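Here's the structure, in structure tokens; my notes come after.
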Amino acid sequence: FNSATAGSKQQQQPQDQQCTLLERIDARATAYTAKRCQYRASIRDENIAAAIYARVKPVLTTLHDASSSPDNTNTIGCDSNIRLYKYGQGDSFGQHIDEAHDAEVCEGVSGVSGYTLLIY
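Just so we're aligned, residue 13 is where the sequence shown starts under our numbering, counting upward by one.
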């Protein structure tokens, strides 16, 4: 990770401090899971989820119109479990299909995931 403060240029952290929030994942492929080699952090933050949802809601509304959805569902927000990944040289995440899972949008509001959003 790089650190930055509001209104200032990004400052590089020393190489040995870059992954303090990230957990190293090295998992071989199985019959049910893909090979994973990367760093990962998971942060539960309703504010970040709400900000992301506000930006992508117009697109999601177009992609997933409840009136044409066979299961008559609506999008309600982004999962508040925000996952960050960092890939280094030789790291990878094997081919896979994301499955739906129970997702908490904010306290007291939950649903089932329907899309995966990657931000680069």
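By construction, the Cβ of each residue, glycine as well, lies at the ideal position given by its N, Cα and C atoms. On a predicted model such as this, the values are computed, not experimentally measured, just so you know.
What residue range does the beta strand (DSSP E) around A53 cover? Within the sequence shown, numbered from 1, the residue matching residue 53 stands at position 41. Note, A53: beta strand (DSSP E), 48–56.
Only counting the same chain, and skipping five residues up and downstream in sequence, which positions put a Cβ closer than 8 Å to that of V121? Position 109 of the sequence shown, counting from 1, holds the residue named residue 121. Excluding residues within five positions, the ones whose Cβ falls inside 8 Å are I88, G89.
First through last residue of the beta strand (DSSP E) which encompasses A115: The count along the sequence shown starts at 1 and reaches residue 115 at position 103. 114–118 is the extent of the beta strand (DSSP E) around A115.
Beta-carbon proximity of I94 to R67, cut-off 9 Å: As a first step, residue 94 is located in the sequence shown; it is residue number 82 there, counting from the start. As a first step, residue 67 is located in the sequence shown; it is residue number 55 there, counting from the start. The answer is no: Cβ separation not under 9 Å.
As a quick exercise: from T128, S104, E119, pick the residue whose alpha carbon is nearest that of A41. Working through the sequence shown from its first residue, we reach residue 41 at position 29. Nearest of T128, S104, E119 to A41, Cα basis: S104.
Rank Q101, G100, K69, G102 by C-alpha distance to the C-alpha of N86 and give the top, closest one. Taking the sequence shown and counting its residues from 1, one reaches residue 86 at position 74. Minimum Cα-Cα distance from N86 among the listed residues Q101, G100, K69, G102 corresponds to K69.
Cα-Cα separation, H113 to D91: Working through the sequence shown from its first residue, we reach residue 113 at position 101. Working through the sequence shown from its first residue, we reach residue 91 at position 79. Rounded to the nearest whole angstrom, the CA to CA distance from H113 to D91 is 10 Å.
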